[in-house]
Amino acid sequence: MINNAKQLTGYRRPNGRVGIRNHLLVIPTVGCANVVVESLARHFSTSIMTVTHPYGCTFDTVSNEETTDTIAGFAANPNVGAVLLIGLGCESVSIDRVYNHVKANGTIVEKLVIQEAGGTVKTTEKAIGIISSMQEQLALMEREPIDLSELIIGLECGSSDSYSGLSVNPALGMTSDLIVAGGGTVILTELTEFIGAEDLLYQQSASPEIASKLKHYLDETERNLSRVDNNGELLDIAPGNIQGGLTTLEEKSLGCVKKGGTTPVRQIVGHGEIPSEHGLVIMDASGHDVESLIALAAGGCQLIFFSTGRGTPTGNPIVPVIKASSNDYIYEHMADNIDISCGTVISGEETIEQAGERLFDLMLDVVNGNETKSEIHHSVDFAIRRRGVGVCIL
């Protein structure tokens, strides 16, 4: 039964957006600064959220722009209450640009540059003082009432099987419709997994202009696929998908797009772009699970649903990920990683509508602070799409 009366709470940010978590994030602008972030992770343990990565220094202008925008958007996610940026000083990603973007959103933010601070040890010492002060400020922030219409919910699938398109994905579609009916926003992504089912999304688009923009992104996605592998066989469908009973990309795509539900597509946004419309939105992001989750976080999602058939521990550093399985076996077999099963649809114990309502109710609890399995076990993966690369389908 849907609990529409449940009061949602969150952290209201200075820019008017709301977060459902209040993380203190430490993130480098370049991989060369990882050593400082790792030292801080050891010092503060799980009381802060740290991210390391190999990016931040490239002469590829397109990739550099997308990396900069993704780090900036990720750090400005409303689930983050305070941010400490660590730079080296000579990287191509501008720490000032990232800092200014986060600052403009009203988030508490500071920056340290290793070459200016006098090395990694001095940078770490300064960072410890900054973080301690930030923790005191975050401790004063309290949850307050928020509305469903203020939420942006991401949709992801990975390690799918033949049941995914029959149980969990259509159930998530029902959940998406409920979110949209409440004034909220859902983002469907992984464009590589639309191939073969794109006509359904064109028909679902709210206007010819939206359908045309989606086609533009899908055409670009197919061109990128052809550059990586002319045959596209391995990129189209992963070995694990085949072992799970899926036979073609079209079969997988038809299941994937069901996560978006039945409401009109209101907007097409770029990689990591925050929607300006409410309702069903499609984002340009890769089929690589970790890259896609980071793009959704950069696009302002406060929570992500992740459907799976064969199971995966993938999580996100700052956004709770609800892992929903297509079958009861993997829910029980990977109990440490899966939050909920829609195998009840396969067994006939529930209708798709009932499973969708159950997912919706779980979402409300997570919004209000209940931890997901990925949060409990600290599954914090980070990767950024490289243009023309990383388009494989998982």
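By the numbering used here, the letter at position 155 of the sequence shown is numbered 156, and the numbering carries on one by one without gaps. Even for Gly, the Cβ is constructed at its ideal location relative to N, Cα and C.
So, are the CB atoms of residue i and residue j less than 8 Å apart?
i: Leu9; j: Asn369; result: yes
i: Ile341; j: Ile353; result: no
i: Cys58; j: Gly155; result: no
i: Ile196; j: Glu223; result: yes
i: Cys257; j: Glu199; result: no
i: Leu304; j: Val367; result: yes
i: Phe75; j: Ala299; result: yes
i: Gly310; j: Ser165; result: yes
i: Val266; j: Glu151; result: no
i: Arg362; j: Gly344; result: Checking the sequence shown, residue 362 turns out to be Asp, not Arg. No, they are not a contact pair.
i: Glu157; j: Phe307; result: yes
i: Thr69; j: Val94; result: yes
i: Ile115; j: Ala83; result: no
i: Arg386; j: Glu67; result: yes
i: Leu281; j: Ser213; result: no
i: Leu365; j: Ile188; result: no
i: Val37; j: Ile87; result: yes
i: Pro15; j: Gly107; result: yes
i: Glu376; j: Pro314; result: no
i: Ala118; j: Lys104; result: no
Under three-state DSSP, which class holds residue i?
i: Phe75; result: helix
i: Gln8; result: coil
i: His379; result: coil
i: Ala212; result: helix
i: Phe60; result: coil
i: Glu111; result: strand
i: Leu235; result: Only weak support is given to the placement of Leu235: the predicted model assigns it a pLDDT of 47, under 50, and the value that follows is read from those uncertain coordinates. Three-state DSSP puts Leu235 in a helix.
i: Leu89; result: coil
i: Ala384; result: coil
i: Ile96; result: helix
i: Asn16; result: coil
Within 10 angstroms of the Cβ of residue i, are there 16 or more other Cβ atoms? Answer buried if so, exposed if not.
i: Leu141; result: exposed
i: His54; result: buried
i: Asn80; result: buried
i: Val205; result: In the sequence as displayed, the identity of residue 205 is Gln instead of Val. Counting Cβ neighbours within 10 Å, Gln205 comes out buried, since at least 16 surround it.
i: Asp290; result: buried
i: Ser465; result: Only positions 2 to 395 of the chain appear in this structure, which leaves residue 465 out of reach.
i: Ala336; result: exposed
i: Gln268; result: buried
i: Val63; result: exposed
i: Cys91; result: exposed
i: Glu333; result: exposed
i: Thr263; result: exposed
i: Ser161; result: buried
i: Cys71; result: In the sequence on display, residue 71 carries Thr and not Cys. By the neighbour-count rule (16 or more Cβ atoms within 10 Å), Thr71 is buried.
i: Ile28; result: buried
i: Val406; result: Here the chain covers residues 2 to 395 and nothing more, so residue 406 does not appear.
i: Thr373; result: buried
i: Gly273; result: buried
Since residue i contacts residue j with CB under 8 Å, what's their CB separation in whole angstroms?
i: Leu173; j: Ala325; result: 7 Å
i: Ile131; j: Leu85; result: 6 Å
i: His279; j: Gly185; result: 7 Å
i: Val99; j: Thr193; result: About 28 Å separates the two Cβ atoms, so there is no contact after all.
i: Tyr12; j: Arg144; result: 6 Å
i: Ser327; j: Val169; result: 4 Å
i: Gly316; j: Met175; result: Gly316 to Met175, Cβ: 24 Å. No contact.
i: Leu201; j: Ile283; result: Contact doesn't hold; Cβ gap of about 12 Å is too wide.
i: Met135; j: Ile319; result: At roughly 15 Å, the Cβ-Cβ gap does not stay under 8 Å, so Met135 and Ile319 are not in contact.
i: Asn23; j: Leu139; result: 6 Å
Within the segment 127-208, ranges of the alpha helix (DSSP H) (whole runs, at least 4 residues): 169-182, 199-205
My parser needs the alpha helix (DSSP H) runs of 4 or more residues fully inside the segment 24-54; what are they? 35-45
What alpha helix (DSSP H) runs, 4 residues minimum, are completely inside the segment 273-306? 290-299
At 4 residues or longer, and completely inside the segment 296-370: list those alpha helix (DSSP H) runs for me, N to C. Within the segment 296-370, the complete alpha helix (DSSP H) segments of 4 residues or longer fall at 329-334, 344-348, 353-368, listed in chain order.
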